[in-house]
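**Student:** In my numbering, the protein residues as written are 122 to 953.
This is the structure:
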């Protein structure tokens, strides 16, 4: 095979970890007998766009001068037509079978167009986030970490958010022509998929690491010796380390060796010159714990794996590549990127020789591949592509994708449920290029609108004669239009009524209306072809009761809520005592709350904390003696919820046990709290078990003692709260981002289309239909807007929240109690 490696920088003109990998690929392919060459940018010896040919270690290299295009804000950094033309001329001469692109900054995405024009198979390795972030590493101009998912943050990047969006859209059009996208670690793959890179094209080609010279020589006793080898680069977290060691309380004899930079710190810190790679084994043998506080979102870390292979423990930021190899609490500590507080806590903890020894000698949490294994796998990828194999969906799947471009969501309920099950799927589908509109079930435009759609989703729509007629019109269409029903709890099963404790709060009239609603929801679903549920329990019950295919589509991250949450993360939590909080959306959660009140009473007895109760929940008399520490909060607009969640230290998510109805409830409370890095303690229903790993992304509590234990553990350890909160946020963003949700939603629509195309529409329901006449009317067409209001000044926002809390307290407790509470809090603050 004729293979061209492409790299913006290449040895000997520029040497770094990022340039050594394309060099390894070029030399390995040559050694395997292929015609291997390189096209690379030259920074030092050529004039702009000047070209030359050299041979480096037996590999032909074609160089082009790119020194003027280094600026991340320069359009030519990503779209450089002159370089693309030069590359096209080069390819015309080489006639490659494979073009493997490693980095394109300064060269530009037009090189993909040139490779496509000559019929070469195109492989892209994403060694960093350049395709998503013009600054490459998801770090802003002030060296603050950006959201790991770009669309869920508000970074202005090098120029502006609008400029970055246009840049990324242009690059995405090029990237769509890649035949294969490789990543150096599975964690990097998860991150780029969460940012919208097509999952079907992504494969892991792990960077190989030679551990032969770094045998495990760990010690079992003596003071702990820390190692930092990132130099003075802020992207490597040098300033975070400097902040962390200042004021750190470490065990006697502890030492920290800082290589490649001068750190003016306490006397247990020493600065040393950078070491030669040949000295690595000796350096590792002299230390016990590697500190890697990188701000840059690194795709891999050879040093991390070398240190683990040598028996060291590792403290790393939660950047993808390094953190993949470190299991928090097993072979090191994983901290929030940019958090000096968490780094200081980890250093203090592991300065205890026993604590460090417990984490040493465990090696990498994932298998470390060798360079030969990496190159052998890479060659097999090349051969598969040249042999005609690819990683796509296949012709049938891709054809169906093209048929589903326009989706209609019909909703019978708005508020938070409608946002999560209609607005967010529509937002997610937009990342796949699929348009979607949302309508109320009484919108007169529906008959015309559904006739134009490629798929129709009915979310919590109660049956009416008009809706059943609408469904019949879809069935009679000459086109295949799948009809999908979506519900986010078990409100379609009449048999659940005796299992629901929360219905006791309803009046007889409300209970009758509730019963009718269940039968009407079921009637609509019985007329659908395919079911979408928010949890596995909901989906399984629908498949059992209705007999149609069912798929689980989890409630995901709202890009707008994530941005509002990121704003709150820029501030500290409000002054005052520690706070635990329960936020209910409706008045049907009293039984859930009552199930943990005895545990909460014990917490309030043992710690001087406030209890924040949001929404319509009514506490019982168990908590009366703590009335002066209970803060009532009103129902607030979803845009303001992050501010309240940010100000509590622990979020509570109780559900009564033994109920299939509660087993079907999704983990939204965890999700929303995670976005502001507030840890959650929850009942271990299946949805919460999916997202919470005890001590890592939250806590699960089954008994009163467990609730007390986990809440107190979090209240007593601010570093643990911070670490769990930041881990939960990253988990939420990476697993349920709009792009991830978009791929899943598209897959569901594709499966539904194929099912209807093969089996026809679902008919013949045996369920007795229940409807109520609700004609279409222009008076019932308004959909609640899904948008963020312009940012309010922080003092004004705080004042608004205070007024709402006072108002809620007066409504629930009366004026006298509210005044007494205010006086108690004021005296408490003055006494501190």
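For every residue, glycine included, the Cβ atom is placed at its ideal position computed from N, Cα and C.
1) Ignore the nearest five residues each way along the sequence and tell me which others in residue 300's own chain have a CB closer than 7 Å to its CB.
2) For the structure I just gave you, are there three or more beta carbon pairs, one from the segment 673-691 and one from the segment 845-865, closer than 8 Å?
3) Can you tell me where the beta strand (DSSP E) holding residue 556 begins and where it ends?
4) Please classify residue 361 as buried or exposed, where buried requires at least 16 neighbouring CB atoms within 10 angstroms.
5) Taking DSSP's pairing of strands, which residues face residue 761 in a bridge?
6) Counting only runs of 3+ residues fully inside the segment 176-214, write out the beta strand (DSSP E) ranges in chain order.
7) Just how far apart, CA to CA, sit residue 228 and residue 127?
8) Give me the DSSP bridge partner(s) of residue 651.
9) Taking three-plus beta-carbon pairs below 8 Å as touching, is the segment 641-653 in contact with the segment 599-609?
10) Have a look at residue 446 and residue 465 and give me their C-alpha separation to the nearest angstrom.
11) Assuming residue 431 contacts residue 395 (C-beta within less than 8 Å), just tell me the rounded distance between them.
12) Answer with buried or exposed for residue 173, where buried requires no fewer than 16 other C-beta atoms within 10 angstroms of its C-beta.
13) Looking at residue 266: is its Cβ nearer than 7 Å to the Cβ of residue 416?
14) What are the start and end residues of each continuous beta strand (DSSP E) run of 3 or more residues lying completely inside the segment 837-876, in chain order?
15) Contact defined as beta carbons within less than 8 Å: I believe residue 555 pairs with residue 525. What is the distance between those atoms, to the nearest angstrom?
16) Mind checking which residues open and close the beta strand (DSSP E) that includes residue 304?
17) For the alpha helix (DSSP H) that residue 659 lies in, which residues bound it at each end?
18) Just to check, is the beta-carbon of residue 433 closer than 6 Å to a non-hydrogen atom of the ligand FAD?
19) Expressed to the nearest angstrom, what Euclidean distance is found between the alpha-carbon atoms of residue 514 and residue 398?
20) Candidates 151, 191, 199 and 186: which alpha carbon is nearest residue 176's?
21) Which residue from 666, 758, 372 and 702 puts its Cα closest to that of residue 740?
22) Would you kindly work out how many angstroms separate the C-alpha atoms of residue 815 and residue 821, rounded to a whole number?
23) Quick one: grab the DSSP three-state call for residue 354.
24) Are the segment 139-156 and the segment 185-204 in contact at 8 Å, needing three or more beta carbon pairs?
25) For a test of the three-state rule: what should DSSP assign to residue 809, helix, strand or coil?
26) Rounded to whole angstroms, what is the Cα-Cα separation between residue 451 and residue 381?
27) What does the Cβ neighbour count give for residue 628, buried or exposed, with the cut at 16 atoms within 10 Å?
28) Taking its Cβ as the centre, do 16 or more other Cβ atoms sit within 10 Å of residue 954, making it buried, or is it exposed?
29) How many Å lie between residue 873 and residue 531 at the Cα?
30) With which residues is residue 724 paired in a DSSP beta bridge?
31) Under DSSP, the beta strand (DSSP E) around residue 468 begins and ends at which residues?
32) With a threshold of 6 Å on Cβ separation, who are the neighbours of residue 954 within its own chain once the five nearest residues in sequence on each side are excluded?
33) Give me, in chain order, the residues of the same chain whose beta-carbon lies closer than 6 Å to that of residue 346; leave out the 5 immediate sequence neighbours on both sides.
34) According to DSSP, is residue 817 helix, strand or coil?
35) Could you say if the segment 822-837 and the segment 717-727 meet the contact criterion of at least three C-beta pairs nearer than 8 Å?
36) Helix, strand or coil: which one does DSSP assign to residue 600?
**Tutor:** So, to answer that:
1) Translated into the one-based positions of the chain shown, residue 300 becomes position 179. The beta carbon of residue 300 lies closer than 7 Å to those of 242, 243, 244, 506 and 511 in the same chain, with the five residues before and after it left out.
2) Per the Cβ contact rule, the segment 673-691 is in contact with the segment 845-865 (3 or more Cβ pairs under 8 Å).
3) Position 435 of the chain shown, counted from the first residue, corresponds to residue 556. Residue 556 -> beta strand (DSSP E) spans 556-561.
4) In the chain shown, counting from the first residue as 1, residue 361 sits at position 240. By the neighbour-count definition (other C-beta atoms within 10 Å, threshold 16), residue 361 is a buried residue.
5) Taking the first residue of the chain shown as position 1, residue 761 is located at position 640. Looking at the DSSP output, residue 761 shares a beta bridge with no other residue.
6) Scanning the segment 176-214 from its first residue to its last, the whole beta strand (DSSP E) runs of 3-plus residues come out as 180-186.
7) Translated into positions along the chain shown, residue 228 becomes position 107. Translated into positions along the chain shown, residue 127 becomes position 6. CA-CA distance, residue 228 to residue 127, rounds to 9 Å.
8) Residue 651 sits at position 530 when you count from the first residue of the chain shown. Beta-bridge partners of residue 651 (DSSP): 605.
9) The answer is yes - the segment 599-609 touches the segment 641-653, with three or more Cβ pairs under 8 Å.
10) Position 325 of the chain shown, counted from the first residue, corresponds to residue 446. Position 344 of the chain shown, counted from the first residue, corresponds to residue 465. Their Cα atoms are separated by approximately 21 Å.
11) Along the chain shown, one-based indexing puts residue 431 at 310. Along the chain shown, one-based indexing puts residue 395 at 274. Not really, about 18 Å apart at Cβ, beyond 8 Å.
12) Indexing the chain shown from 1 puts residue 173 at position 52. Residue environment for residue 173: exposed (fewer than 16 other C-beta atoms within 10 angstroms of its C-beta).
13) As a working mapping, residue 266 is identified with position 145 in the chain shown. As a working mapping, residue 416 is identified with position 295 in the chain shown. Yes, these two residues count as a Cβ contact at 7 Å.
14) Listed in chain order, the beta strand (DSSP E) elements of length 3 or more contained wholly in the segment 837-876 amount to none.
15) Position 434 of the chain shown, counting from 1, holds the residue named residue 555. Position 404 of the chain shown, counting from 1, holds the residue named residue 525. Yes, residue 555 and residue 525 are in contact; Cβ-Cβ is about 6 Å, under 8 Å.
16) For the purposes of this step, residue 304 is identified with residue 183 of the chain shown, where counting begins at 1. Residues 301-304.
17) Position 538 of the chain shown, counting from 1, holds the residue named residue 659. For residue 659, the enclosing alpha helix (DSSP H) begins and ends at 657-667.
18) As presented, the structure is devoid of all ligands, the ligand FAD included, so that no description of it is given.
19) Taking the chain shown and counting its residues from 1, the one referred to as residue 514 is at position 393. Taking the chain shown and counting its residues from 1, the one referred to as residue 398 is at position 277. Interpretation of residue 514 is limited by its pLDDT of 44, a score under 50 that renders its predicted location unreliable; the figure taken from the coordinates is listed afterwards. Cα to Cα, the separation comes out at about 44 Å.
20) Against the chain shown, residue 176 aligns to sequence position 55. Comparing C-alpha distances from residue 176 to each of 151, 191, 199 and 186 shows the shortest one belongs to 151.
21) By 1-based counting over the chain shown, the position of residue 740 is 619. Ranked by how close their Cα comes to the Cα of residue 740, the residues 666, 758, 372 and 702 have 702 in first place.
22) Here residue 815 refers to the residue found at position 694 when the chain shown is read from its first residue. Here residue 821 refers to the residue found at position 700 when the chain shown is read from its first residue. Taking the straight line joining both Cα atoms gives about 6 Å.
23) Residue numbering aside, residue 354 sits at position 233 when the chain shown is read from its first letter. Residue 354 falls in the coil class under three-state DSSP.
24) Because the criterion of three Cβ pairs below 8 Å is not met, the segment 139-156 and the segment 185-204 do not touch.
25) Taking the chain shown and counting its residues from 1, one reaches residue 809 at position 688. Residue state, collapsed to three classes: helix.
26) Against the chain shown, residue 451 aligns to sequence position 330. Against the chain shown, residue 381 aligns to sequence position 260. In this structure, the CA atom of residue 451 is about 29 Å from the CA atom of residue 381.
27) Mapped onto the chain shown, residue 628 falls at position 507. Exposed, by the Cβ-count rule.
28) Nothing can be reported for residue 954: it is not among the residues displayed for the chain, which extend from 122 to 953.
29) Residue 873 sits at position 752 when you count from the first residue of the chain shown. Residue 531 sits at position 410 when you count from the first residue of the chain shown. In a straight line, the C-alpha of residue 873 is about 17 Å away from that of residue 531.
30) On the chain shown, position 603 is the one that residue 724 refers to. Looking at the DSSP assignment, residue 724 forms no beta bridge with any residue, so it has no partner.
31) Residue numbering aside, residue 468 sits at position 347 when the chain shown is read from its first letter. Following the DSSP letters along the chain, one finds residue 468 in no beta strand (DSSP E) but inside the alpha helix (DSSP H) bounded by residues 461-471.
32) Because the chain is modelled from 122 through 953, residue 954 falls outside the range shown and cannot be assessed.
33) What you label residue 346 is simply residue 225 of the chain shown in a count that begins at 1. By the criterion of a C-beta distance shorter than 6 Å, residue 346 is surrounded in its chain by 376, 408 and 409, once the five residues flanking it on both sides are discounted.
34) The residue you call residue 817 lines up with position 696 of the chain shown. If DSSP states are grouped into helix, strand and coil, residue 817 belongs with coil.
35) The segment 822-837, when compared against the segment 717-727, does touch it at the 8 Å Cβ threshold.
36) Within the chain shown, the letter at position 479 stands for residue 600. DSSP places residue 600 in coil when its eight states are reduced to three.
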